[in-house]
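Reviewing the structure listed below.
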Amino acid sequence: FEVTIDWLHEHACSRSYGLGTKVPWDEQYLIESLSDSTIYMAYYTVAHLLQAPDSFDGKKIGSANIHPSQMTIDVWNYIFFTDVLYSSLNTDISQSTLDRLRNEFQYWYPVDLRSSGKDLVPNHLTYSLYNHVALWPKKEDNRWPKAFRANGHLRLNDEKVHN
């Protein structure tokens, strides 16, 4: 990790080509895919309330009865950050519903153990640390992964397993 952090200190957080999420304030750039893929587990903590159990594509709303268009940045901030007050939101989602989502997130996050291949230390796992520190820098909102476990390469019948 230390070697990777030293190497990444000037690595760009965005790019101008390929697949990915557009930077909201300048849509000619895409968020670096490694940045875009390291906190999705936070969504999993509330997905069962936002999506119906039989709706893997998210087209059917879940038990929280929230339409995707209602999930604004302010609503996500309320769920993810304890210092955001409900009274500061401009939403028609009830406080009890949002508190239910917030409580689920606080119960299930952070990740206790992120287990991955050792080849992901120089990229995905380091970006995961960077993004968690950037999003949750305050001690009271500390949602950093508690531990990483880097596995060796998996073998099957004495052959390296490839994707």
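Residues in the sequence shown are numbered from 1432 upward in steps of one, following the numbering used here. Note that beta-carbon positions come from the ideal geometry of N, C-alpha and C, so glycine has one too.
Measure the CB-CB distance between residue i and residue j and report whether it falls below 8 Å.
i	j	result
residue 1492	residue 1478	no
residue 1435	residue 1553	yes
residue 1380	residue 1551	No answer is possible for residue 1380: the residues shown for the chain start at 1432 and end at 1594.
residue 1516	residue 1506	no
residue 1510	residue 1481	no
residue 1572	residue 1503	no
residue 1476	residue 1462	no
residue 1524	residue 1501	yes
residue 1432	residue 1557	yes
residue 1473	residue 1561	no
Kindly indicate which three-state DSSP category residue i falls into: helix, strand or coil?
i	result
residue 1478	helix
residue 1497	coil
residue 1591	strand
residue 1582	strand
residue 1453	strand
residue 1529	helix
residue 1504	helix
residue 1436	helix
residue 1516	coil
residue 1470	coil
residue 1524	coil
Shortest alpha-carbon distance to residue i belongs to which of the options?
i	options	result
residue 1460	1470, 1448, 1469	1448
residue 1559	1542, 1456, 1571	1542
residue 1555	1517, 1454, 1581	1581
residue 1538	1574, 1518, 1546	1574
residue 1465	1439, 1532, 1540	1439
residue 1508	1567, 1446, 1592, 1546	1567
query: Does the pairing of the region 1568-1588 with the region 1494-1502 give three or more beta-carbon distances under 8 Å?
result: no
field: alpha helix (DSSP H) segments (min. 4 residues) lying fully within the region 1531-1584
entry: Segments of the alpha helix (DSSP H) lying fully in the region 1531-1584: 1557-1566.
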